[in-house]
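**Student:** Structure provided below as structure tokens; questions to follow.
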């Protein structure tokens, strides 16, 4: 099945169907139409898969997907233009440019937590760059997956853009084929499998993984605003099941009580006295993850550190926002990516220590800092490696199409969003056009002393050497 | 030769050096680049000697292709370093006011560079320039097949650069394998696809990003050139791009030529005469690197129909590892010489009925590191540009793209991925970190739950950056 899909897409690509700007624009416009016409269906699928509140579906998936399409439509004409670059004196006269061309046929494997956005977003980049695409949505979000399988063929060119549904066997089958790029969003374990499979065909990959996104909270902040932003970035993003959601907080021992207090108040205001009944919280995606998360808080090491929440409803697969204080650093809660509504708070004596702590863990996809202290901000930006970072807010940076979105180290490789999506699926071909005007005989053997002098000058960009070379020095004996 | 424990120690030392922060400052990076320049200047004679030992390279070739290019690149890096390191401010939507956003380049950490034997100095030091400019600690593993150059690097790098953060390790494939057991923040590999697969597979275990600089069969499409002078220059360039770079043992050397049947006699005649004038003596062309590659090249001509297609040259001197510049005419397309990368001084010429047919010929084959086309025909040029794909594409010349800083150097498809040279070297070893900063001045309540329809409606306006409608609705002046 995968072989057939690959073969068909390769034939379509070879036939040149995906190259013309009009084709690319038509696909993107079709996607915009699809999002507008089927918004209710998309919301319903996201609700079926994750009990995602309609507002979140709109804010975080639907509107961002539409904005990405429109941004690509607007930018595409300039993105596809060759970029003129200075040629060197060494090759005068010549003109040089960098031409973006599609890689060919690309495989996009999406994730379950933002199943609509994380599928559409890379597909947009692949189409804008002129590739043929196969999308494998996550089987853990089955309603959204079958929605894609049904809808995409109704709107886009099915000979060049395909959906393959399925789980591990189908994905393994796909990974055995040869692609020109593989774009994977998910976890590090599967990320390694994807990269190892790609190695067999020397296929470049982009891996959007996760990590423990830390939030450092200084006492020098507008606490109420900071806490609201943290809360909405954590529980307002799929109930914490987001790669850039805050994973844990670090603050000073002295400030922690105020922080916890403020968190409790904000959480109650957002989700009421009985959060399990709130319509504004996503549920946990499936029972496997539900078990994983409840085990994390039932762990003896941390169970007595819960300061808020802890309620869970297995039937509905709902877990309430849960906050813990001062959990042991070797508990699973502090060694694994949480990806759920649980928020541990760690404390340090001085806020500067938090930077060392963050750096002791693997590089996260996002790191957050709340402070008004400019020195701390500079220290944070200069000394904390992370995919991206935000000061005094959470998660917003992903909505700015001018910022590259991607990880580093364990949080992944490659970036996208905006023009970076286009670049992700392009090959930047170097093109040099020369005339026969400037012939530097100094380049060629036999190598005489004279030639070497001029050659040295030429390579070092010496104008005089250029003139001499152009004038035909050294003179050849004929 | 390093053993596993010593390698582990080296990796640990480099990690420590990086974590200490010493490689981050502008001063450190400049010092490394200046050190490299001093090395190339003071030890130029030794470098030439090593390259001559390893490959029989004439020192003019060694300067043109390796030392000279490196001096240019290091100087350019010193000049541009400030600009490359500077954060780039980017646009932020008004809705996020007050806010600022920028992209901040940061070093990846500790990087590993595997070099290759054919341009052993250049393929070691060009990446090194980028890696130190980007603020990384670096481990360089030169190819053991160019042992004099490897030794030259081992002896001198530590003396001219920061020995705690820039190291050289010697050894062959086993050392390479052992190195890949460790975790690096990036690995650059230059070499063959076979080993590249192993490097990438090993890197996947640690989620280490890789860049692979491979090769391929770089074709040269030779259209009929009007004008005797232009024709002469064109042939000069073809000969200079096949046999002059390391006797054809170069990833961007011309591998084979495509020419129209009727133009073949002219081309062949000029190739022969140019060869004679460029290489009056053997020592102006490099030798074959070792016996294994010599035998590999000899075997390419074993097939009787391939041997029968030799129209010039063909003599081989196993003792001196010297193969004469050799031209073949239309060897069978399924023979090894037409399916494998030649990497040697053998040039097959394939004739086509119409020069336009060469586009389909090239398209049917794996994407090479470079495609060359000598033509004045604008429509052929456009077809080649649009219908073929390669790392780079050069019209009316060959190989020179290597020396142009502004052009990214790297492959696509089977010729690899990842690009460097100039600022691309800096970017290859950097992470572009997105940094956004906000203030507390303005707070948009509609961001937060509990949700209701009016918040959704407001959001719709905002996301369209329709601030006017947003304000109206916000003030209750619009339903």
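Residue numbers (the numbering used here), protein chains in the order written: chain L, 60 to 537; chain H, 165 to 643. Note that CB positions come from ideal geometry on N, CA and C, so glycine has one too.
#1: Starting from the beta carbon of residue 157(L), find every residue of chain H whose beta carbon is closer than 8 Å, and list them in chain order.
#2: Quick check on the burial criterion: 16 or more other C-beta atoms within 10 angstroms. Buried or exposed for residue 539(H)?
#3: Return the residues of the region 459 to 472 of chain L that lie within a Cβ-Cβ distance of less than 8 Å from chain H, sorted by chain order.
#4: May I ask you to list, following chain order, the residues of the region 238 to 250 of chain L that have a beta carbon less than 8 Å from some beta carbon of chain H?
#5: Beta carbons nearer than 8 Å to chain H: which residues of the region 295 to 315 of chain L have them?
#6: Please name the residue in 513(H), 226(H), 413(H) whose C-alpha comes closest to that of residue 436(H).
#7: Count the other CB atoms, across all protein chains shown, that sit within 10 Å of the CB of residue 121(L); report buried if there are 16 or more and exposed otherwise.
#8: Mind checking if residue 49(L) is an interface residue toward chain H, Cβ cutoff 9 Å exclusive?
#9: Could you say if the region 323 to 330 of chain L and the region 146 to 165 of chain L meet the contact criterion of at least three C-beta pairs nearer than 8 Å?
#10: Beta carbon of residue 182(L), beta carbon of residue 219(L): below 9 Å?
#11: Along the chain, which unbroken stretches of the alpha helix (DSSP H) at least 4 residues long are found entirely within the region 380 to 426 of chain L?
#12: Please report the residue range of the beta strand (DSSP E) in which residue 493(L) lies.
#13: Where does residue 503(L) sit, in a helix, a strand or coil, going by DSSP?
#14: Check whether the Cβ of residue 452(L) lies closer than 9 Å to any Cβ atom in chain H.
#15: Got a sec? Which residues, its chain only, sit under 8 Å from residue 290(H) by beta carbon, not counting five neighbours each side?
#16: For residue 618(H), name the three-state secondary structure that DSSP assigns.
#17: When the Cβ atoms of the region 408 to 417 of chain L are set against those of the region 245 to 256 of chain L, are three or more pairs found closer than 8 Å?
#18: Distance, Cα to Cα, residue 170(L) vs residue 170(H)?
#19: Check whether the region 252 to 264 of chain H and the region 540 to 554 of chain H touch, using three or more Cβ-Cβ pairs below 8 Å as the test.
#20: Could you tell me the distance, in whole angstroms, from the CA atom of residue 182(H) to the CA atom of residue 310(H)?
#21: Using 8 Å as the cut-off, can you tell me whether the region 348 to 365 of chain H makes contact with the region 183 to 197 of chain H, which would need three or more C-beta pairs spanning the two stretches below that distance?
#22: Determine the direct distance from the alpha carbon of residue 380(L) to that of residue 318(H), and round the result to whole angstroms.
#23: Give the single residue among 621(H), 484(H), 224(H), 563(H) whose Cα lies nearest to the Cα of residue 516(L).
#24: With distances taken Cα to Cα, identify the nearest neighbour of residue 285(L) among 449(L), 467(L), 474(L), 216(L).
#25: Of the residues that make up the region 593 to 605 of chain H, which ones have a beta carbon closer than 9 Å to any beta carbon in chain L?
#26: Can you look up residue 534(H) in the DSSP assignment and give me helix, strand or coil?
#27: How far does the alpha helix (DSSP H) with residue 415(H) in it reach, from first residue to last?
#28: Can you give, in chain order, each stretch of the alpha helix (DSSP H) that sits fully within the region 71 to 96 of chain L and has at least 4 residues?
#29: Among the candidates 333(H), 338(H), 599(H), 430(H), whose CA atom is the shortest distance from the CA of residue 391(H)?
#30: Between residue 270(H) and residue 541(H), what straight-line distance do the alpha-carbon atoms span, to the nearest angstrom?
#31: Using a beta-carbon distance below 9 Å, is residue 568(H) in contact with chain L?
#32: Alpha carbon to alpha carbon, what distance is there between residue 176(H) and residue 498(H)?
#33: Just to confirm, are residue 511(H) and residue 487(H) a CB contact at a threshold of 9 Å?
#34: Measure from the alpha carbon of residue 412(H) to the alpha carbon of each residue in 371(H), 489(H), 422(H), 438(H), then state which is nearest.
#35: If we count the other Cβ atoms within 10 Å of its Cβ and call it buried at 16 or more, is residue 536(L) buried or exposed?
#36: At what residues does the alpha helix (DSSP H) containing residue 283(L) begin and finish?
**Tutor:** Working from what's here:
#1: 571, 572
#2: buried
#3: 459, 461, 462, 463, 464, 467, 468, 469, 471, 472
#4: 239, 247, 250
#5: 295
#6: 513(H)
#7: buried
#8: Because chain L is modelled from 60 through 537, residue 49(L) falls outside the range shown and cannot be assessed.
#9: no
#10: no
#11: 391 to 394, 412 to 419
#12: 485 to 493
#13: coil
#14: yes
#15: 233, 234, 237, 584, 585, 589
#16: helix
#17: no
#18: 42 Å
#19: no
#20: 29 Å
#21: no
#22: 57 Å
#23: 224(H)
#24: 449(L)
#25: 595, 596, 597, 598, 599, 600, 601, 602, 603, 604
#26: strand
#27: That residue, residue 415(H), is in no alpha helix (DSSP H); it is neither H nor E in DSSP.
#28: 80 to 96
#29: 430(H)
#30: 45 Å
#31: yes
#32: 49 Å
#33: no
#34: 489(H)
#35: The predicted model places residue 536(L) with a pLDDT of 47, which falls under 50 and marks its position as unreliable, so this point remains unresolved.
#36: 282 to 293
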